[in-house]
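Scroll down for the structure; my scribbles are underneath it.
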Amino acid sequence: MKLLRQTLLLLRKDLLLELRRHESLMTMFFFGALLLFVFNFSFDLTPARVSELAPGLLWLAFLFTGTLGLTQLFEGERGNHCLDALLMSPIDRGALFLAKTCFNIVLMGLVELVVMPLFWILFSLPSWQPLPALFLIVFLGNVGFCVLGTILAAVTLKARARELLLPLVLFPLMVPVILSTIRCMEALLRSGELGDALPWLRLLIGFDVIFLTVGILIFDWVVDV
Amino acid sequence: MPQVTGKKRKGILGAATLVFIIAGLYWGLIKAPPDAYQGDSQRIMYLHIPSILTAYLSFFLVFLGSCLYLWKREKRDDNLAHAAAEIGVLFTALTIIEGSIWGRPTWGVWWTWDARLTLTAILLLIFIGYLMLRALVEDESRAASSAAILGIIGFLDIPLIHMSVYWWRTLHQPPSILRPDKVPWENIHPELLTALAINFVAFVLLYFYLLSHRLRLSEMREEIKARRMN
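Protein sequences, first through last, are from chains A and B. The working numbering puts the first residue of the first sequence at 1256, with every later residue one more than the last. The working numbering puts the first residue of the second sequence at 161, with every later residue one more than the last.
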């Protein structure tokens, strides 16, 4: 309970800051929309082929925007020894981890809420019906991505060129999330049934749970100086 | 009885490695018969399998060293993880190179996106990332604990990556020795198995020989730093 309360408190702080500055959200959103335009020039996205390519393209766009968010995740704590102050305050490190993870999940979710329908409009996909289930899959993908991403963002915090380093260490470890999210989306778009994606969905949920637990346990050491 | 110093021990290890490598080469290239289907190109397996097994051993040592470092905070454990990661990357890269030399005549391609190939390539990328992280964090104890966390996460992630890429696709030869339906020595010619065993011992010895030198290098670096400080 205490953990939950502390998490919500920290999350509220981050959301409030974001609401005042609009830095991360705006850059992430415009980058996501920009990628849709780049995709349009890079691939021949005729209505016949677009359903086939949609899962890969969309998830790629979300991975890139998500990475953008992760590189900024601890930016607010870097100046003025704010991170040290946070660590000195009587707050569970696990709560800090959960709050940061949730914050990036919220940012990615907001971006996806706009970018995904935009994709449907821009490339005139035939059916809007699988969209809610698609949001669910993408949300689970976000959880896995942000959980591992937050740990690694904190790990690379004191490195030189950390914005460049983060994707390099993050993407190879993210293979299960990348693969299972894309396969889930593919199965859903092919048949319209969420049940067809079940084995991959289980793997994705398993990944989310494992790394969420590892993250809460290990975060003490991650932010330790 | 004369005391066996570190230097002497390394000398003995080095000599044993050399003997086994020569024996392994002799057995693999001359004594063992060529494979019935693949001909002489199969002989590269005598290097390919031992190198990937030692690479796995290496990544396990990274995990072990990382856990011990976070627990006890001793520089020695961190040195072990660092050294093991470097040599592990070397052996994984060797495995991939040997595999593609073998794959070209056998499969007709240098590289294919098969599950095991992909898994090995991802392992290589993970531990290259690990070494880059080490290089880019200036503060030493900070670098050690960051790297330790990455080493642990990387190791824990391997089964998940394994599962996902296996579901995704499989083309690689199924294991020929450790098969559930037969006992090992019935599956392949005994000469081939001997060649493989000798090469495996050679690689493990080589591995520990390199590791001991790499650890000594870390120690020497620390000595120099300590002297400069004084």
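C-beta: ideal position from N, C-alpha, C; glycine also. A quick note: this is a predicted structure, and the numbers were derived from the prediction, not measured.
Contact criterion: CB-CB distance below 7 Å. Does residue i meet it with respect to chain A?
{"i": "Ile-286(B)", "result": "yes"}
{"i": "Gly-311(B)", "result": "no"}
{"i": "Ser-226(B)", "result": "no"}
{"i": "Asp-237(B)", "result": "no"}
{"i": "Pro-162(B)", "result": "For Pro-162(B), the predicted model reports a pLDDT of 47, less than 50, meaning its position is unreliable; a value from the coordinates is still stated below. It does not: the Cβ of Pro-162(B) has no partner Cβ on chain A nearer than 7 Å."}
{"i": "Leu-250(B)", "result": "no"}
{"i": "Asp-274(B)", "result": "no"}
{"i": "Ile-212(B)", "result": "no"}
{"i": "Arg-388(B)", "result": "no"}
{"i": "Ser-218(B)", "result": "no"}
{"i": "Leu-230(B)", "result": "yes"}
{"i": "Arg-302(B)", "result": "yes"}
With H, G and I counted as helix, E and B as strand and the rest as coil, what does DSSP make of residue i?
{"i": "Thr-1356(A)", "result": "helix"}
{"i": "Ala-1416(A)", "result": "coil"}
{"i": "Asp-317(B)", "result": "helix"}
{"i": "Gly-268(B)", "result": "coil"}
{"i": "Phe-1349(A)", "result": "Note that residue 1349(A) is Gly in the sequence shown, not Phe. Three-state DSSP puts Gly-1349(A) in a helix."}
{"i": "Ala-275(B)", "result": "helix"}
{"i": "Gly-1364(A)", "result": "helix"}
{"i": "Asp-195(B)", "result": "strand"}
{"i": "Pro-162(B)", "result": "Residue placement at Pro-162(B) cannot be trusted, given a pLDDT of 47 that sits under 50; what the coordinates show is reported in the next sentence. Coil, per DSSP."}
{"i": "Ser-1446(A)", "result": "helix"}
In angstroms with no decimal places, state the Cα-to-Cα distance between residue i and residue j.
{"i": "Leu-1290(A)", "j": "Phe-1317(A)", "result": "10 Å"}
{"i": "Tyr-369(B)", "j": "Trp-267(B)", "result": "34 Å"}
{"i": "Arg-374(B)", "j": "Ala-1388(A)", "result": "52 Å"}
{"i": "Gln-163(B)", "j": "Thr-177(B)", "result": "Only weak support is given to the placement of Gln-163(B): the predicted model assigns it a pLDDT of 49, under 50, and the value that follows is read from those uncertain coordinates. Distance between the alpha carbons of Gln-163(B) and Thr-177(B) is about 22 Å."}
{"i": "Met-161(B)", "j": "Gly-171(B)", "result": "Its pLDDT being 41, under 50, Met-161(B) is placed unreliably by the model, and the measurement read from it follows with that caveat. Cα to Cα, Met-161(B) sits roughly 18 Å from Gly-171(B)."}
{"i": "His-1277(A)", "j": "Leu-1325(A)", "result": "15 Å"}
{"i": "Lys-191(B)", "j": "Leu-240(B)", "result": "37 Å"}
{"i": "Asp-238(B)", "j": "Met-389(B)", "result": "21 Å"}
{"i": "Leu-1403(A)", "j": "Ser-218(B)", "result": "24 Å"}
{"i": "Thr-1262(A)", "j": "Leu-1449(A)", "result": "32 Å"}
{"i": "Leu-293(B)", "j": "Thr-1411(A)", "result": "7 Å"}
{"i": "Ser-1279(A)", "j": "Cys-1357(A)", "result": "14 Å"}
{"i": "Ala-275(B)", "j": "Glu-234(B)", "result": "37 Å"}
{"i": "Leu-1353(A)", "j": "Phe-1400(A)", "result": "13 Å"}
{"i": "Glu-382(B)", "j": "Phe-180(B)", "result": "33 Å"}
{"i": "Leu-285(B)", "j": "Leu-277(B)", "result": "12 Å"}
{"i": "Ala-1309(A)", "j": "Phe-1466(A)", "result": "27 Å"}
{"i": "Trp-231(B)", "j": "Phe-1474(A)", "result": "14 Å"}
{"i": "Val-1432(A)", "j": "Phe-1284(A)", "result": "22 Å"}
Does the beta carbon of residue i sit closer than 7 Å to a beta carbon anywhere in chain B?
{"i": "Lys-1257(A)", "result": "no"}
{"i": "Lys-1413(A)", "result": "yes"}
{"i": "Trp-1314(A)", "result": "no"}
{"i": "Val-1430(A)", "result": "yes"}
{"i": "Ser-1446(A)", "result": "no"}
{"i": "Trp-1476(A)", "result": "yes"}
{"i": "Leu-1434(A)", "result": "yes"}
{"i": "Leu-1353(A)", "result": "no"}
{"i": "Phe-1317(A)", "result": "no"}
{"i": "Glu-1427(A)", "result": "The residue asked about is misnamed: residue 1427(A) is Pro in this sequence, not Glu. Yes, Pro-1427(A) lies at the interface with chain B (some Cβ there is under 7 Å from its Cβ)."}
{"i": "Val-1393(A)", "result": "no"}
Assuming residue i contacts residue j under a Cβ cut-off of 8 Å, what Cβ separation, rounded to an integer in Å, is found between them?
{"i": "Val-222(B)", "j": "Gly-248(B)", "result": "7 Å"}
{"i": "Ala-304(B)", "j": "Tyr-229(B)", "result": "6 Å"}
{"i": "Gly-289(B)", "j": "Leu-1423(A)", "result": "5 Å"}
{"i": "Ala-1408(A)", "j": "Leu-1328(A)", "result": "5 Å"}
{"i": "Ala-196(B)", "j": "Thr-255(B)", "result": "The Cβ separation is near 24 Å, so there is no contact."}
{"i": "Ser-211(B)", "j": "Phe-251(B)", "result": "5 Å"}
Quick check: does the Cβ of residue i come within less than 6 Å of any heavy atom belonging to the ligand HEM?
{"i": "Trp-327(B)", "result": "Annotation note on the ligand HEM: not contained in the displayed structure, which lists no ligands."}
Legend entry - Segment contact flag, the segment 1362-1380 of chain A with the segment 1304-1315 of chain A, C-beta cutoff 8 Å, min 3 pairs: The segment 1362-1380 of chain A, when compared against the segment 1304-1315 of chain A, does touch it at the 8 Å Cβ threshold.
Legend entry - Contact between the segment 317-324 of chain B and the segment 259-266 of chain B (3+ Cβ pairs under 8 Å): With contact defined as three or more Cβ pairs closer than 8 Å, the segment 317-324 of chain B and the segment 259-266 of chain B are not in contact.
Inset, instruction - Report yes or no: do the segment 296-313 of chain B and the segment 271-282 of chain B share at least 3 C-beta pairs separated by less than 8 Å? - result: By the Cβ test, the segment 296-313 of chain B is not in contact with the segment 271-282 of chain B, since fewer than three Cβ pairs between them sit closer than 8 Å.
Legend entry - Sufficient close CB pairs (3 or more, under 8 Å) joining the segment 1434-1444 of chain A to the segment 285-301 of chain B: Touching, no, given that fewer than three Cβ pairs across the two stretches are closer than 8 Å.
Legend entry - Three CB pairs or more closer than 8 Å across the segment 1407-1424 of chain A and the segment 1451-1458 of chain A: No, the segment 1407-1424 of chain A is not in contact with the segment 1451-1458 of chain A.
Inset, instruction - Determine, using beta-carbon pairs with one atom in the segment 1358-1373 of chain A and one in the segment 1389-1397 of chain A, whether at least three such pairs fall under 8 Å. - result: Judged by Cβ distances under 8 Å, the segment 1358-1373 of chain A makes contact with the segment 1389-1397 of chain A, as three or more pairs qualify.
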